[in-house]
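>
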Amino acid sequence: MIFRGKVFSSIFEMETNLTVVIPNNSKDISKCKVSYLLHGLYGSSGDWLDYTQLPIFSEEYNIIFIMPDASRSFYTDMKYGLKYFTYVNEELPTLCKNIFNINTSRENTSIIGNSMGGYGALKSALTFPEKYGVCCSFSPACLFLKEGLDFQRNNPEKVREFFGERIVNDFESIFGEELLWNSSYEILDLMNKINDFEEKPKIYISCGLSDGLIKDCNRLATEMKSLNFDFFYDEFDGNHDWYFFNESLKRSMSII
């Protein structure tokens with residue numbers, strides 16, 4: 000079953016788009032695995048369904064894929080905008096439990112994303128390790144967010160020239176004009192915070208060898224060698240595109 004529609008969010012105080020894929024051969028939805036699948040910066044809730052073999056993976060691995068819409072928020076509770084982080088991690092699971100009767104247990108639940116969504120997936124799983132048993136992040140952006148915010152704060156014109164005016168406005172909407180940072184935004188800080196927890200998500204990160212984000216992914220993989228996580232880093236031929244994201248999703252199926 001494929002659901003493309005809207006749900007009402009009390010946090011947003013408005014309707015928001017939601018896409019859900021449920022395996023047709025499932026006789027009991029409560030026994031399906033559940034994966035929250037997050038889109039990238041230029042995308043929307045329907046991207047994974049439109050550009051990948053998602054329905055095939057849903058059938059083959061008995062997984063319900065839940066795809067929210069998060070605009071260009073980097074899955075953050077924005078200073079001048081909506082509380083996307085709270086919505087995805089607190090309200091959305093309850094909505095889907097009530098509507099689709101999903102199993103919300105930790106061992107049954109994963110969170111996955113590409114690019115901006117890869118950052119959102121990591122931040123969610125590391126903030127709420129009691130909710131997610133697995134996190135898969137494909138070509139994640141903003142792995143070292145503090146450095147990026149510092150650079151934008153000190154070199155706004157260079158950022159405008161390289162990334163465009165839109166991304167400057169995005170980050171000011173999210174973090175305020177002063178681009179204020181705190182450790183709850185930083186992936187390594189979140190990892191260190193839960194490093195000694197018994198319950199931690201398994202983490203899979205992939206990046207294409209031709210992807211501009213590969214240096215940051217390599218750097219994070221190196222940093223994680225000193226941490227106590229069930230972690231797998233996967234590099235293979237590819238770029239920052241749907242060919243690579245589809246293959247990454249396929250590879251992640253054996254983990255979730």
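Going by numbering that gives the first Met the number 0, the sequence shown opens with residue 0, and the numbers climb by one from there. Backbone N, C-alpha and C fix where the C-beta goes; we use that ideal spot for every residue, glycine too. Treat the numbers as computed from the prediction; the structure is a model and nothing was measured.
1) Quick one: is the Cβ of threonine 85 within less than 7 Å of any heavy atom of the ligand MG?
2) By Cβ distance below 8 Å, which residues in the same chain neighbour proline 155 in space, the five residues on each side in sequence not counted?
3) Hey, could you find the ends of the alpha helix (DSSP H) proline 155 is sitting in?
4) According to DSSP, is leucine 179 helix, strand or coil?
5) Given this structure, state the Cα-to-Cα distance separating glutamate 171 from phenylalanine 196, to the nearest angstrom.
6) Looking at C-beta atoms only, is the number of pairs between the segment 117-129 and the segment 185-203 that lie closer than 8 Å three or more?
7) Could you check how far apart the C-beta atoms of histidine 38 and methionine 66 are, in whole angstroms? I think they sit under 8 Å.
8) Glutamine 52: buried (16+ other C-beta within 10 angstroms of its C-beta) or exposed?
9) Which word fits arginine 218, buried or exposed, when buried means at least 16 other C-beta atoms lie within 10 angstroms of its C-beta?
10) Indicate the three-state DSSP secondary structure (helix, strand or coil) for tyrosine 35 in the structure shown.
11) Which residue wins for smallest C-alpha separation from methionine 0, given the options Arg165, Asn181, Leu48 and His239?
12) Cβ of serine 109 within 8 Å of Cβ of serine 34?
13) Any idea which residues DSSP pairs asparagine 113 with across the strands?
14) Near isoleucine 98, which residues of its chain fall below 8 Å by C-beta distance, leaving aside the five closest residues on each side in sequence?
15) Alpha carbon to alpha carbon, what distance is there between lysine 192 and serine 225?
16) Assess, as a yes-or-no matter, whether the segment 239-250 is touched by the segment 129-145 under the definition of 3 or more beta carbon pairs within less than 8 Å.
17) So what does proline 54 bridge to, in DSSP terms?
18) If you run the structure through DSSP and keep just helix, strand and coil, what is asparagine 143?
19) Do threonine 18 and glycine 45 have their beta-carbon atoms positioned less than 8 Å apart in this structure?
20) Taking the Cβ atom as the reference point for each residue, do lysine 130 and asparagine 88 lie within a distance shorter than 8 Å?
21) Check asparagine 88 in the structure and name its three-state DSSP category.
22) Taking just the CA atoms, how far does lysine 145 sit from leucine 178?
23) Going by DSSP, what residues sit across from serine 205 in a beta bridge?
24) I need the DSSP call for serine 66, collapsed to helix, strand or coil.
25) Please report how far the alpha carbon of isoleucine 204 lies from the alpha carbon of tyrosine 232, in whole angstroms.
Straight from the coordinates:
1) Although the ligand MG was asked about, the structure shown includes no ligands whatsoever.
2) Val167
3) 155-162
4) coil
5) 34 Å
6) yes
7) 7 Å
8) exposed
9) exposed
10) strand
11) Leu48
12) yes
13) Phe137
14) Val6
15) 14 Å
16) yes
17) Partner(s): none; proline 54 has no beta bridge.
18) In the sequence under discussion, the amino acid at residue 143 is phenylalanine, which differs from the asparagine named in the question. Phenylalanine 143: coil per DSSP, three-state reduction.
19) yes
20) yes
21) helix
22) 9 Å
23) Phe137 and Asp233
24) The sequence shown places methionine at residue 66, rather than the serine named in the question. Of the three classes helix, strand and coil, the one that applies to methionine 66 here is strand, per DSSP.
25) 5 Å
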